[in-house]
Structures are given as structure tokens and as C-alpha cells.
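Okay, structure first, notes after.
Numbering (the numbering used here), first residue to last: 2 to 62.
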């Protein structure tokens, strides 16, 4: 049984199963604010050594 992320848009395109290179998040939270004119947004969050920040917008413009 594969484990990972299954993305299925249900619009006749084949589903995508992403199973390689996944790591569990060590910290999850939400952020509020506005970015700069250069499409940048400062995220102040504690990080585990060797980790990468991943931001998922919930209300993109």
C-alpha cells in the first residue's frame, strides 16, 4: 500500500501520487499580514536544524 499524497482533481486527468521524499512537518502554524511590493513576506518561526520553510497560502490573490 503506497503512502504519500494523492492529488485527484476528478476532471478526467489521471490522479497524481507523490510518495518520494516526503518528510513530516515539525512545526505548523498560521501567519497573517501583508507582503512587500517585491512579493516577499517575512516568516518568523522556530526551525528544526536542517529543515525548510514551506508556506501554503489559504487566500491567494
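The beta-carbon is built from N, C-alpha and C at its ideal position, and this holds for glycine as well. Keep in mind it's a predicted model, so treat the numbers as computed, not measured.
In the three-state reduction of the DSSP assignment, residue 48 falls in the coil class, being assigned neither a helical nor a strand state. Apart from the 5 residues on each side of it in sequence, residue 54 sits with its Cβ closer than 8 angstroms to the Cβ of 44, 46 and 48 in its chain, given in chain order. For the set 5, 10, 38 and 33, the Cα lying nearest the Cα of residue 22 is the one of 5. Across the structure, residue 29 and residue 50 are spaced so that their CA atoms are roughly 16 angstroms apart.
In this structure, DSSP gives residue 7 an extended state, which the three-state scheme calls strand. Rounded to whole angstroms, the separation of the alpha carbons of residue 7 and residue 19 is 6 angstroms.
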